[in-house]
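Asker: Handing you this structure, nothing more for now.
Protein chains in written order, with the working numbering: chain F, 52 to 336; chain U, 8 to 300.
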């Protein structure tokens, strides 16, 4: 009986095949732009500027990628990849560290001004960097932090999402653990390192995945802060590769760069899929 | 919710919270304060002094037809991006949910675009629709349709909408799929025994059960299309043609950095702050509701 009902709900036979066909079609449509970019990164410029371009990869893969990585157009793409890596890891680690510390202070201590600090941090949830670009740019310029990693990273790590996540999680850690630590005479930081941080491992990892993608994909802020091509990140650097006049853009190099720009985040998302989905759901709560 | 057990002392916690408070103060509160302050002034033509104009910048903005047009553009843009990313995602999630085997593989493939930065997505779509080399525009040309998003505002809008929605399909798919998997199978089976067909079951049972997720995604996608699509617009259209794709965030950038009109740009920032505030309240209101659901 159960089997029959099951059969009524879950399609079998032709219905099942049709479902797969729909799914595959969906995946193909979604993938088409990426496929085209990949093909364009394996052919020559003249293959592209005489449309329609080929639909299957050519034999220029190594040449195009080597060309992009070592010479690029304004600056070698290798340099931009490195800058992006510093930015993404800097933002992820920076946010996680300052949020772990402040969430620990808020949850485990009673101190003057705690409520005010809590609300101040809470307010920053409401201010995406896009909204306050001009004055923030002036602050960074005032500190002489244009074209520097610190100027890229610091304004982007000041957000409250991670603090709230850790606060929520710390509140679920049983009180007995803190009590035991206190009875044993363990100092707060000892408790933090030996108990709280190890228990937060999964949350830290999930958050790292989300923040890495967030940092890697930044566009507007690097566009303002890095006027020196040597400091460009790869995501914002692609647009800089287009010629300003009427010339043809060098598509094979640009497309090879686009593919290179998506490889690290794709590896992180696909490789750590479970953590990624967990982080996604958590950080939107 | 509070902890019963607390550690003593107040120097240590202040030290612990200091990094976040200092960074927030320097890079959040001070600039936000500056934005509010600057919105009350206009600099003289030589940039030597500032003249206090009260709410003059706001009055000017709200009567400026370009700014008002930008509001309309933003509304159209965000509604279209939200619809174009949610409907295909729901469709795909419903199909994937019917599969017992293999849905994991499809999920792995479908989350790829999420990892692609909006600005990179912009470049990919620009390439397909490029007026000289684009594959899609070339085939459209063969069919007798002359695609030119550089001159045609409607086509430009369509292109930035699709490019912005593309990566969001992954995101919405993940949430819809998770929600569908959580729908109790017994309810569906009971309806099936009563003879309800797939689409009937979908409309009368599944969709209502999905409504919390749907509403949540509506808000999140609107916030996304307001604030995270700058890269798409900057790479594809640069706000053009004739400001046809200049959404509010893009205008803050182009007025503040390209035309260096600080007073107006700051006033726009303040207006955006209010918009973000309202959206955040909406989001929190909804989350409270979801808890009760």
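Ideal placement from N, C-alpha and C gives every residue a C-beta, glycine not left out.
1) Once the 5 residues before and after residue 154(U) are set aside, which same chain residues still bring their CB inside 6 Å of it?
2) Where does residue 58(F) land, buried or exposed, given buried means 16+ other C-beta within 10 angstroms?
3) Contact between the region 241-260 of chain F and the region 142-153 of chain F: three or more CB pairs below 8 Å?
4) What is the C-beta distance between residue 248(F) and residue 327(F), in whole angstroms, given that I count them as a contact (C-beta under 8 Å)?
5) Can you name the start and end residues of the alpha helix (DSSP H) that residue 270(F) belongs to?
6) Compare the beta carbon distance of residue 212(F) and residue 172(F) with 8 Å and say whether it is the shorter of the two.
7) Under DSSP, the beta strand (DSSP E) around residue 49(U) begins and ends at which residues?
8) Of all the options 124(F), 114(F) and 135(F), which has the alpha carbon lying nearest to the alpha carbon of residue 283(F)?
9) Under a Cβ-count criterion, where at least 16 other Cβ atoms within 10 Å of its own Cβ denotes burial, should residue 204(U) be classed as buried or exposed?
10) Assuming residue 95(F) and residue 197(F) are in contact, meaning their beta carbons sit under 8 Å apart, how far apart are those beta carbons, in whole angstroms?
11) For the putative contact between residue 89(U) and residue 228(U), defined by C-beta atoms under 8 Å, what is the C-beta separation to the nearest angstrom?
12) How many whole angstroms separate the CB atoms of residue 84(F) and residue 131(U), which I take to be in contact at a CB cut-off of 8 Å?
13) Quick one, which of 219(U), 24(U), 21(U) and 120(U) has its alpha-carbon nearest residue 312(F)'s?
14) Three-state secondary structure (DSSP) at residue 74(F)?
15) Could you check the C-alpha separation between residue 226(F) and residue 113(F) for me, to the nearest Å?
16) Would you check if there are 3 or more beta carbon pairs closer than 8 Å linking the region 272-281 of chain U to the region 193-209 of chain F?
17) Taking buried to mean at least 16 other C-beta atoms within 10 Å of its own C-beta, is residue 2(F) buried or exposed?
18) Taking CB distances under 8 Å as the criterion, tell me whether residue 59(F) reaches chain U.
19) How should residue 113(U) be labelled, buried or exposed, when 16 other C-beta atoms within 10 angstroms of its C-beta is the threshold for buried?
20) Hey, residue 124(U) and residue 238(U) are a contact pair by Cβ (cut 8 Å); roughly how many whole angstroms apart?
21) Quick one: does residue 125(U) have its CB under 8 Å from some CB of chain F?
22) To be precise: take each residue of the region 289-309 of chain F, compare its Cβ to all Cβ atoms of chain U, and keep it if any distance is under 8 Å. Which residues remain?
23) Anything in the region 235-266 of chain F with a Cβ closer than 9 Å to a Cβ of chain U? List those residues in chain order, please.
24) State yes or no: is the beta carbon of residue 159(F) nearer than 8 Å to at least one beta carbon in chain U?
25) Report back the beta-carbon spacing between residue 306(F) and residue 91(F) to the nearest angstrom; my notes put them in contact at under 8 Å.
26) Assuming contact is defined by CB atoms lying nearer than 8 Å, are residue 255(F) and residue 147(F) in contact in what I supplied?
27) Note down, in chain order, each residue of its chain lying with its Cβ closer than 7 Å to the Cβ of residue 234(U), except the 5 sequence neighbours on either side.
28) Please report the distance separating the alpha-carbon of residue 70(U) from that of residue 173(U).
29) What did DSSP end up calling residue 159(F) once you bin it into helix, strand or coil?
30) Quick test of your reading: residue 252(U) and residue 240(U), contact by CB under 8 Å. State the CB separation rounded to the nearest angstrom.
31) I think residue 99(U) touches residue 117(U), with their Cβ atoms under 8 Å apart; what is that distance to the nearest whole Å?
32) Is residue 268(F) close to chain U? Criterion is C-beta to C-beta, closer than 8 Å.
33) Below 6 Å CB to CB, which residues in the same chain sit around residue 167(F) once its five sequence neighbours on both sides are set aside?
34) Output yes or no for whether 8 Å exceeds the beta carbon distance between residue 162(F) and residue 21(U).
35) Please confirm if residue 176(F) has its CB atom under 8 Å from at least one CB of chain U.
36) Within 8 Å (strictly less), CB to CB, does residue 217(U) reach chain F?
Answerer: In short, the structure shows the following:
1) For residue 154(U), where only same-chain residues beyond five positions count, the Cβ hits under 6 Å are 144 and 147.
2) Note that residue 58(F) scores a pLDDT of 47, beneath 50, so its modelled location is shaky; the value from the coordinates is reported in the next line. By the Cβ neighbour-count rule, residue 58(F) is exposed, with fewer than 16 other Cβ atoms within 10 Å of its own.
3) In short, these stretches touch, since the Cβ pair count reaches three.
4) Going by Cβ atoms, the distance from residue 248(F) to residue 327(F) rounds to 21 Å, so no, they are not a contact pair.
5) First-last for residue 270(F): undefined, no H or E at that position.
6) Going by C-beta atoms, residue 212(F) is not nearer than 8 Å to residue 172(F).
7) First-last of the beta strand (DSSP E) with residue 49(U): 48-50.
8) Residue 135(F) is the option with its Cα nearest to residue 283(F).
9) Classification of residue 204(U): exposed, given that the 10 Å Cβ count is below 16.
10) A Cβ-Cβ distance of about 38 Å is found for the pair residue 95(F) and residue 197(F), leaving them out of contact under the 8 Å criterion.
11) Rounded to the nearest angstrom, the Cβ distance from residue 89(U) to residue 228(U) is 4 Å, consistent with a contact under 8 Å.
12) Contact holds; Cβ gap of about 4 Å.
13) Considering only alpha carbons, the answer is 120(U).
14) Three-state DSSP puts residue 74(F) in a helix.
15) Linking residue 226(F) to residue 113(F) through their CA atoms gives a straight-line distance of about 58 Å.
16) Proximity of the region 272-281 of chain U to the region 193-209 of chain F falls short of the contact definition, fewer than three beta-carbon pairs being nearer than 8 Å.
17) Chain F is shown from 52 up to 336; residue 2(F) falls before or after that span and cannot be answered.
18) Residue placement at residue 59(F) is poorly supported in this model, since its pLDDT is 49, which falls under 50; the coordinates still yield a value, given next. Chain U contact via Cβ: present.
19) Result: buried.
20) For a cut-off of 8 Å, the C-beta gap from residue 124(U) to residue 238(U) is around 6 Å, short enough to register as a contact.
21) Chain F places a beta carbon closer than 8 Å to that of residue 125(U), counting this residue as a contact.
22) Residues 289, 290, 299, 302, 305, 306 and 309.
23) Within the region 235-266 of chain F, those residues whose Cβ lies closer than 9 Å to any Cβ of chain U are, in chain order, 238, 239, 240, 242, 243 and 264.
24) A Cβ of chain U is located within less than 8 Å of the beta carbon of residue 159(F).
25) For a cut-off of 8 Å, the C-beta gap from residue 306(F) to residue 91(F) is around 4 Å, short enough to register as a contact.
26) Their beta carbons are under 8 Å apart, which means residue 255(F) touches residue 147(F) by this criterion.
27) For residue 234(U), where only same-chain residues beyond five positions count, the Cβ hits under 7 Å are 256.
28) If I take the Cα positions, the gap works out to 35 Å.
29) DSSP places residue 159(F) in helix when its eight states are reduced to three.
30) That pair is a contact at about 5 Å.
31) Rounded, the Cβ-Cβ distance is 7 Å, consistent with contact.
32) Yes, residue 268(F) counts as interfacial toward chain U.
33) Contacts found: none.
34) The answer is yes: Cβ separation under 8 Å.
35) Residue contact with chain U for residue 176(F): present (Cβ-Cβ distance below 8 Å to some residue of chain U).
36) No, because no Cβ of chain F sits closer than 8 Å to the Cβ of residue 217(U).
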